[in-house]
Amino acid sequence: MNVQALTNTIEIITESLFLKEQCGWFDGGCMTLASSVNRIYPKSVFYHVSRTHYLVDHVVIYFPDLDRYFDADGLQSKAELIKKMEELESMVNPRVFKMCESDFE
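So the sequence shown is residues 359 to 463, counted in our numbering.
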């Protein structure tokens, strides 16, 4: 896995999204990014960081071999991901859940 190439590509796309569409990955694009990464790395697994299991706030990709989660900010441990959601997204009591079929509806 070439994490640096993936991160560089996301940076380029992020700039284009912001300049052209005035939006970013935390404006609903997280699922699009996760789906794209999962197609490239099919062993990755969809997870979400949310206040409750039944509400999907932010979708990430989990790489079991690395024990790391991935979103537009790059690879993060579970603790780093939770801390980011608390500090940057002001989420109260975020938790990480494996996505189930109904979460994709």
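Glycine residues also receive a C-beta, built at the ideal position from the N, C-alpha and C atoms.
Only counting the same chain, and skipping five residues up and downstream in sequence, which positions put a Cβ closer than 7 Å to that of residue i?
i           : result
residue 428 : 395, 418, 419, 421
residue 361 : 433
residue 411 : 455
From residue i to residue j, what distance separates their C-alpha atoms?
i           : j           : result
residue 371 : residue 365 : 10 Å
residue 430 : residue 392 : 9 Å
residue 423 : residue 451 : 27 Å
residue 458 : residue 389 : 14 Å
residue 444 : residue 415 : 12 Å
residue 397 : residue 425 : 19 Å
residue 460 : residue 407 : 15 Å
Report the partner residues of residue i according to the DSSP bridge assignment.
i           : result
residue 408 : 453
residue 419 : 404, 428
residue 413 : 410
What does a CB cutoff of less than 6 Å around residue i pick up in its chain, not counting 5 residues either side in sequence?
i           : result
residue 440 : 452
Specify, as a first and last residue, the run of the alpha helix (DSSP H) that residue i falls within.
i           : result
residue 388 : 388-398
Who are the near neighbours of residue i in its chain, counting only those whose CB is closer than 8 Å to its CB and skipping five residues on each side?
i           : result
residue 442 : 431, 434
List in chain order: all unbroken beta strand (DSSP E) runs of 3+ residues lying wholly within the stretch 429-454.
The qualifying runs are 432-434.
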